[in-house]
Amino acid sequence: MAISGERPRIALISVHGDPAIEIGKEEAGGQNVYVRQVGEALSRQGWQVDMFTRRSTADQLEIVQHNPHCRTIRLTAGPKEFIPRDDLFGYLPEFVQNFQQFQTDLGVEYPLVHTNYWLSSWVGMTLKKLQGSKQIHTYHSLGAVKYQSVSAIPMIAKTRLATEKQCLETAERIVATSPQEQEHMRSLVSQHGNIDIIPCGTDIKRFGQISRAEAREVLGLNQDDKIVLYVGRFDRRKGIETAVRAVGRLQHENLKLIIGGGSRPGQSDGMERDRIEGIVNELGLQDITLFPGRLGLENLHLYYAAADVSVVPSHYEPFGLVAIEAMASGTPVVASDVGGLQFTVIPEETGLLAPPKDDAAFAQAIDRILSDSAYRYQLGRAGRDRVEAMFSWDGVASQLGKLYQQVLSVPTVERSAVSA
Ligand code: UDP
12 MAISGERPRI ALISVHGDPA IEIGKEEAGG QNVYVRQVGE ALSRQGWQVD
62 MFTRRSTADQ LEIVQHNPHC RTIRLTAGPK EFIPRDDLFG YLPEFVQNFQ
112 QFQTDLGVEY PLVHTNYWLS SWVGMTLKKL QGSKQIHTYH SLGAVKYQSV
162 SAIPMIAKTR LATEKQCLET AERIVATSPQ EQEHMRSLVS QHGNIDIIPC
212 GTDIKRFGQI SRAEAREVLG LNQDDKIVLY VGRFDRRKGI ETAVRAVGRL
262 QHENLKLIIG GGSRPGQSDG MERDRIEGIV NELGLQDITL FPGRLGLENL
312 HLYYAAADVS VVPSHYEPFG LVAIEAMASG TPVVASDVGG LQFTVIPEET
362 GLLAPPKDDA AFAQAIDRIL SDSAYRYQLG RAGRDRVEAM FSWDGVASQL
412 GKLYQQVLSV PTVERSAVSA
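Be aware that the sequence shown starts at 12, since it is given in our numbering, and climbs by one per residue.
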């Protein structure tokens with residue numbers, strides 16, 4: 012984008028998903044990555060990007076500067092401690108108040124806010140009422156889909172469903188990250204509202220730059236191991252159990268299962284970590300299973316490159332970043348045949364799909380890839396090509412930037428008309 016003079020300003024709002032935090036632990040996953048990567052890529056393309064989140068510990072910096080044109084701003088909303096997302100709604104008015112105070116101190120008003128997840132959508136809708144801001148929204152997860160697959164529906168469900176519907180019907184634009192997510196919005200949330208499909212992305216320079224053999228050497232893994240990799244949060248809906256049970260069915264020599272992701276003892280992800288370890292032990296897989304913990308900038312790309320297969324056994328995914336990170340690394344994916352995974356993974360071309368929770372079908376798919384190295388290579392190569400063509404962050408940000416420009420070019424409704 013050619014920009015003269017002052018950069019156009021955009022606020023990305025992600026109340027519970029802090030873009031500056033370590034990824035992979037309790038509740039920190041794809042949304043944090045998305046906001047951070049989109050923000051940084053937009054700043055490279057000429058935008059001034061401020062990313063707003065909630066302060067969740069007292070010792071956190073209030074402002075983290077990622078580059079001269081992109082920063083994370085942590086606003087106070089409720090106690091400065093970790094609060095599960097289902098308990099955050101009551102603190103949103105304070106978030107809005109502090110957002111507006113920040114604007115006053117800075118002497119600007121953001122004409123456009125891009126909100127993330129339903130909690131932030133409420134913030135965006137409130138700012139629209141208070142100051143006529145335009146709103147673009149990415150859901151990251153839809154209550155209407157999620158509540159179909161959980162046994163205990165939380166108290167907040169009614170509020171969430173109503174907020175998600177109102178946002179779809181009133182935001183200037185909604186960003187669906189896959190055609191499957193768009194379809195769910197239409198069939199389960201509302202027929203009204205403007206939806207654009209812009210996928211998530213991945214860092215094609217970070218992933219896919221090291222060979223399988225080199226990555227194994229750096230990680231101290233054997234060259235002849237058959238490595239099945241899971242990466243992600245410890246959350247029951249991620250279906251890690253399916254991956255473990257599938258590996259338990261395989262007969263290969265030198266089989267190894269790596270389960271990457273962090274957890275916190277006493278928190279819900281710590282409990283899922285213990286449950287998974289229990290299943291590993293019950294199946295007698297403890298000698299072939301590794302739990303390397305949270306994978307960060309220094310080693311995530313190495314694990315993807317070292318693996319023979321990356322499994323994404325989620326019960327549902329609106330998009331599923333892990334699948335495209337593995338593909339970018341040239342590693343075939345075996346994923347659940349659901350949601351955005353049906354969009355990113357092309358069966359028999361970049362990986363294989365299996366019904367969620369079906370460990371026998373996962374075992375069969377993994378086995379096909381582990382048994383045929385030429386097929387594994389072919390799937391991996393095609394996955395890399397697909398990601399390069401469709402899922403780079405710079406490509407995603409440029410599509411988002413165009414959308415912002417379109418929305419900003421429509422004259423703003425008069426303030427008095429907004430508040431009337
Ligand atoms: N992730 C990470 N380190 C870990 C575990 C996960 O960096 O130890 C990252 C992973 O690489 C991906 C994100 O967390 O970028 C998870 O996003 P995804 O869309 O797959 O799932 P979500 O967490 O949004 O449900």
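Think of the CB as a built atom: it goes at the ideal place given N, C-alpha and C, for glycine as much as any other residue. All of these numbers come straight from a predicted model, not from anything done at the bench.
Assigned secondary structure, Val398 (DSSP; H/G/I helix, E/B strand, else coil):
The three-state reading of DSSP puts Val398 in helix, counting H, G and I together.
Just to confirm, are Leu333 and Gly394 a CB contact at a threshold of 9 Å? In the sequence under discussion, the amino acid at residue 333 is Val, which differs from the Leu named in the question. In this structure, Val333 lies away from Gly394, with their beta-carbon atoms at least 9 Å apart.
Open item on the list: For Arg223, count the other beta carbons within 10 Å of its own beta carbon; 16 or more makes it buried, fewer makes it exposed. Which is it?
Closed with: With 16 or more other Cβ atoms inside 10 Å of its own Cβ, Arg223 counts as buried.
For this session: Give a yes or no on whether the C-beta atoms belonging to Gln76 and Arg85 are separated by under 9 Å.
Result: If you check the CB distance, Gln76 and Arg85 do not come in under 9 Å.
Following a CB-centred definition, is Cys81 positioned closer than 8 Å to any heavy atom of the ligand UDP?
No; taking the cut-off as 8 Å, the Cβ of Cys81 has no heavy atom of the ligand UDP nearer than that.
Any alpha helix (DSSP H) of 4 or more consecutive residues that is wholly inside the segment 358 to 385
Fully enclosed alpha helix (DSSP H) runs of 4 or longer: 370 to 381.
(message) Suppose the cutoff is 8 Å on Cβ atoms and the five residues either side in sequence are ignored; what does the same chain contact list for Ile164 look like?
(response) Only Tyr158 meet the Cβ criterion.
| query | Which residue comes first and which comes last in the alpha helix (DSSP H) that contains Arg227? | reply | Where Arg227 is concerned, the enclosing alpha helix (DSSP H) starts and stops at Arg223 to Leu230.
_With DSSP as the reference, identify every bridge partner of Ser321, one or two as the case may be._
DSSP, once it has assigned bridges, lists Leu240 and Val344 as partnering Ser321.
What did DSSP end up calling Ser403 once you bin it into helix, strand or coil? Residue state, collapsed to three classes: strand.
Please identify the residue among Asp369, Leu311, Arg55 and Val421 whose C-alpha is closest to the C-alpha of Gly219. Nearest to Gly219 by C-alpha distance, out of Asp369, Leu311, Arg55 and Val421, is Leu311.
- Item | Residues near Val44 in its chain [Cβ-Cβ closer than 7 Å; skip 5 each side] | These residues qualify, in order along the chain: Ile34 and Leu332.
Going by the CB atoms, is the gap between Leu308 and His125 shorter than 9 Å?
Inclusion of His125 and Leu308 in the CB contact set at 9 Å is not warranted, their separation being larger than that value.
Report task. Identify every residue that forms a DSSP beta bridge with Phe330. Result -> None, per the DSSP bridge assignment.
Is the closest heavy atom of the ligand UDP to the C-beta of His326 under 8 Å?
It does not: the Cβ of His326 is nowhere closer than 8 Å to a heavy atom of the ligand UDP.
The alpha helix (DSSP H) that contains Ile251, what's its start and end? For Ile251, the enclosing alpha helix (DSSP H) begins and ends at Ile251 to Arg260.
Skipping 5 residues on each side, what residues in its chain have a beta carbon closer than 7 Å to that of Gln191?
Only Gly350, Gly351, Gln353 and Phe354 meet the Cβ criterion.
Please classify Gln416: is it buried, with 16 or more other beta-carbons within 10 angstroms of its beta-carbon, or exposed? That one is exposed.
Counting Cβ pairs closer than 8 Å, one from the segment 191 to 207 and one from the segment 363 to 374, do we hit at least three? The segment 191 to 207 is not in contact with the segment 363 to 374.
- Is any heavy atom in the ligand UDP found nearer than 8 Å to the beta carbon of Gly394? No - the ligand UDP has no heavy atom lying nearer than 8 Å to the Cβ of Gly394.
Report task. Can you give me the start and stop residues for the alpha helix (DSSP H) that Pro104 sits inside? Result -> Boundaries of the alpha helix (DSSP H) around Pro104: Leu103 to Leu117.
Checklist entry - Run through DSSP, which three-state label would Pro303 get? => result In the three-state scheme derived from DSSP, where H, G and I count as helix and E and B as strand, Pro303 is classed as strand.
* To do: Compute every distance between the C-beta of Glu336 and the non-hydrogen atoms of the ligand UDP, then say whether any falls below 8 Å.
  => Relative to the ligand UDP, the nearest heavy atom lies less than 8 Å away from the CB of Glu336.
Whole-Å CB distance - Tyr327 paired with Leu240, under 8 Å assumed: Not confirmed; about 21 Å, so no contact.
Can you grab the Cα-Cα spacing for the pair Arg171 / Leu153, in whole Å? Taking the straight line joining both Cα atoms gives about 9 Å.
Consider the Cβ of His77: report whether some Cβ of chain E lies at a distance smaller than 9 Å. Annotation note: the requested chain E is absent from the structure, which comprises a single protein chain.
*Do the segment 170 to 190 and the segment 251 to 270 make contact, defined as three or more Cβ pairs closer than 8 Å?*
Contact annotation: the segment 170 to 190 does not touch the segment 251 to 270, with fewer than three C-beta pairs closer than 8 Å.
Three CB pairs or more closer than 8 Å across the segment 285 to 304 and the segment 247 to 258
Yes, the segment 285 to 304 is in contact with the segment 247 to 258.
Q. I think His27 touches Tyr128, with their Cβ atoms under 8 Å apart; what is that distance to the nearest whole Å?
A. Going by Cβ atoms, the distance from His27 to Tyr128 rounds to 7 Å, so yes, they are a contact pair.
- Message: So, with DSSP's three-state summary, where would you put Gln59?
- Response: In this structure, Gln59 counts as strand in the three-state DSSP scheme.
Taking only the alpha-carbon atoms, compute the straight-line gap between Ala317 and Thr342 and give it to the nearest angstrom.
Rounded to the nearest angstrom, the gap between the Cα atoms of Ala317 and Thr342 is 8 Å.
Range of the contiguous alpha helix (DSSP H) that encloses Ala168
Boundaries of the alpha helix (DSSP H) around Ala168: Ala168 to Thr181.
Kindly identify the DSSP beta-bridge partner or partners of Thr137.
DSSP, once it has assigned bridges, lists no residue as partnering Thr137.
Distance cut 6 Å, beta-carbon to the ligand PLP heavy atom: residue list by chain order
Among the ligands in the structure shown, the ligand PLP does not appear; only the ligand UDP can be found there.
Unbroken alpha helix (DSSP H) run spanning Asp246, endpoints
Annotation: Asp246 is outside any alpha helix (DSSP H) and is labelled neither H nor E by DSSP.
task: Compute the Euclidean distance between the alpha carbons of Gly272 and Gly231, then round it to the nearest angstrom.
output: Taking the straight line from one Cα to the other gives about 19 Å.
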